[in-house]
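Undergrad:
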Amino acid sequence: MLEKIQETAAFIKARMHTRPETAIILGTGLGSLVNEITDAYEINYSEIPNFPVSTVEGHKGRLIFGKLGNKDIMAMQGRFHFYEGYSMKEVTFPVRVMRELGIKTLFVSNAAGGMNPEFEIGDLMIITDHVNFFPEHPLRGKNIDYGPRFPDMSEAYSKELVAHALEIAGEKGIKVRQGVYVGTQGPTFETPAEYKMYRILGGDAVGMSTVPEVIVANHCGIRVFGISVITDLGVEGKIVEVSHEEVQKAADEAQPRMTTIMRELINRA
70 MLEKIQETAA FIKARMHTRP ETAIILGTGL GSLVNEITDA YEINYSEIPN FPVSTVEGHK
130 GRLIFGKLGN KDIMAMQGRF HFYEGYSMKE VTFPVRVMRE LGIKTLFVSN AAGGMNPEFE
190 IGDLMIITDH VNFFPEHPLR GKNIDYGPRF PDMSEAYSKE LVAHALEIAG EKGIKVRQGV
250 YVGTQGPTFE TPAEYKMYRI LGGDAVGMST VPEVIVANHC GIRVFGISVI TDLGVEGKIV
310 EVSHEEVQKA ADEAQPRMTT IMRELINRA
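Take 70 as the starting number for the sequence shown in my numbering and just add one per residue.
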């Protein structure tokens, strides 16, 4: 495993002419943040040895390097999901490669179903914590010496970055929520009973990604900031039939506000 990570990192390093310490994983409908990246160059996932390939609509499948504001960044336009049939090691492989590339801070975004009755479609939720409902743990197996066998998760999402994001949202007049993200394997959207259960357990939003990446980032010593776009509602009385296309549409509409927060936060981080 370590050899594959190092082989992939060496391949990417040979094609990089910047040295970013900040990475972004762009989720469903949020890939247009790359339009903000200047001096950009890219590598398609299909060219990278040992790298999985995105199969989900809206996930383009390329690494993009360049500047966001005054910071060198690396962006994943498209992520990998457990429901696609990938193992957890494959889902989180890019995060371990990021560690080899010198990434110190990771920004993750996703589309999620809101369970907090105060939430509305289109809201941005800054993730303060998560609940892991994936059936396989991304650190299962032989420990890679990027971190301890039993990593601490008491601050999985950087409190400092959350505070900065709230400050930026206030300055820009952008309404944001805060809450706990529940990670599930998918690919089905939740039943009303499941939404109710996750809410009782302390969740504010639910989605099919992010948690494995955040766990591995923490193991690697990479600090994390996460944000969800609430694209549908799992609130009793507000649950309606939902499609992937509707999720993408809601994410696209929220994208300018998310981009503003991300860009400012990355430049202040």
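By construction, the Cβ of each residue, glycine as well, lies at the ideal position given by its N, Cα and C atoms. Remember, it's a predicted structure, so these values are computed and weren't measured experimentally.
(1) Which partner residues does Y250 have in the DSSP bridge list?
(2) Compare the Cα-Cα distances from R268 to each of V304, H206, K82, I330 and report the closest residue.
(3) Could you name the residues that DSSP lists as bridge partners for L132?
(4) Express the C-alpha separation of A320 and M85 in angstroms, rounding to a whole number.
(5) Got a sec: does the ligand ATP put a non-hydrogen atom nearer than 7 Å to the Cβ of G191?
(6) Hey, out of K73, E236, E76, H288, whose CA is closest to L208's CA?
(7) Between F188 and T161, what straight-line distance do the alpha-carbon atoms span, to the nearest angstrom?
(8) DSSP three-state call for G182: helix, strand or coil?
(9) Is the region 289–304 touching the region 172–188, taking contact as three or more C-beta pairs under 8 Å?
(10) Just the C-alpha distance for S115 and G130, rounded to the nearest angstrom, thanks.
(11) Distance check for P118 and Y226, CA to CA, integer angstroms please.
(12) Within this structure, are the beta carbons of V164 and A78 separated by less than 8 Å?
(13) Along the chain, where does the beta strand (DSSP E) that runs through R292 open and close?
(14) Please state whether DSSP places I190 in a helix, a strand or coil.
(15) Should the region 86–93 be regarded as contacting the region 230–237, the criterion being three or more beta carbon pairs within less than 8 Å?
(16) Are at least three pairs of beta-carbons, each pair with one atom in the region 213–223 and one in the region 131–138, less than 8 Å apart?
(17) Under 7 Å Cβ to Cβ from I356, same chain only, skipping five residues before and after it: list those, please.
(18) Determine the direct distance from the alpha carbon of I74 to that of M194, and round the result to whole angstroms.
(19) Name the residue from A323, N185, L170, M70 whose alpha carbon lies nearest to the alpha carbon of K265.
(20) Whose C-beta lies closer than 6 Å to the C-beta of A338 among residues of the same chain, with five residues either side of it excluded?
(21) Is the Cβ-Cβ distance between V283 and V200 less than 8 Å?
(22) Give me the Cα-Cα distance between I112 and R148, rounded to the nearest whole angstrom.
(23) Please classify K244 as buried or exposed, where buried requires at least 16 other C-beta atoms within 10 Å of its C-beta.
(24) Determine, using beta carbons only, whether F203 and V280 come nearer to each other than 8 Å.
TA: Well, looking at it:
(1) Locating residue 250 in the sequence shown gives position 181, where the first residue counts as 1. In DSSP, Y250 forms a bridge with H199, A274.
(2) Taking the first residue of the sequence shown as position 1, residue 268 is located at position 199. Of V304, H206, K82, I330, the residue nearest in Cα terms is V304.
(3) As a working note, residue 132 is residue 63 in the sequence shown. DSSP, once it has assigned bridges, lists I112, M145 as partnering L132.
(4) Here the question's residue 85 lines up with position 16 in the sequence shown. Here the question's residue 320 lines up with position 251 in the sequence shown. When rounded, the distance between both Cα atoms is 30 Å.
(5) In terms of ligand content, the structure shown is empty, and the ligand ATP therefore cannot be addressed.
(6) In the sequence shown, residue 208 corresponds to position 139, counting from 1. Checking every option, the nearest Cα to that of L208 belongs to H288.
(7) Numbered from its first residue, the sequence shown carries residue 188 at position 119. Numbered from its first residue, the sequence shown carries residue 161 at position 92. Each residue's alpha carbon lies about 29 Å from the other.
(8) Against the sequence shown, residue 182 aligns to sequence position 113. Strand at G182.
(9) yes
(10) As a first step, residue 115 must be located in the sequence shown, where it is residue number 46. As a first step, residue 130 must be located in the sequence shown, where it is residue number 61. Roughly 8 Å between the two C-alpha positions.
(11) As a working note, residue 226 is residue 157 in the sequence shown. As a working note, residue 118 is residue 49 in the sequence shown. Cα to Cα, Y226 sits roughly 30 Å from P118.
(12) Residue mapping note: residue 164 aligns to position 95 of the sequence shown, counting from 1. Residue mapping note: residue 78 aligns to position 9 of the sequence shown, counting from 1. The answer is no: Cβ separation not under 8 Å.
(13) Position 223 of the sequence shown, counted from the first residue, corresponds to residue 292. DSSP places R292 in the uninterrupted beta strand (DSSP E) bounded by 292–302.
(14) The residue labelled residue 190 in the question sits at position 121 within the sequence shown. I190: coil per DSSP, three-state reduction.
(15) no
(16) Counting Cβ pairs under 8 Å, fewer than three are found: no touch.
(17) Outside the displayed span of the chain (70 to 338) sits residue 356, for which this structure offers no information.
(18) Taking the sequence shown and counting its residues from 1, the one referred to as residue 194 is at position 125. Taking the sequence shown and counting its residues from 1, the one referred to as residue 74 is at position 5. Taking the straight line from one Cα to the other gives about 32 Å.
(19) Sequence index remark: in the sequence shown, residue 265 carries index 196 (1-based). Considering only alpha carbons, the answer is N185.
(20) Taking the first residue of the sequence shown as position 1, residue 338 is located at position 269. Only T174 meet the Cβ criterion.
(21) By 1-based counting over the sequence shown, the position of residue 283 is 214. By 1-based counting over the sequence shown, the position of residue 200 is 131. No, Cβ-Cβ distance for V283 and V200 is not below 8 Å.
(22) For the purposes of this step, residue 112 is identified with residue 43 of the sequence shown, where counting begins at 1. For the purposes of this step, residue 148 is identified with residue 79 of the sequence shown, where counting begins at 1. If you take the alpha carbons of I112 and R148, they lie about 14 Å apart.
(23) Position 175 of the sequence shown holds residue 244. Of the residues assessed, K244 falls on the exposed side of the cut-off, its CB having fewer than 16 other CB atoms within 10 angstroms.
(24) For the purposes of this step, residue 203 is taken as residue 134 along the sequence shown, with counting starting at 1. For the purposes of this step, residue 280 is taken as residue 211 along the sequence shown, with counting starting at 1. Cβ distance < 8 Å, so F203 and V280 count as in contact.
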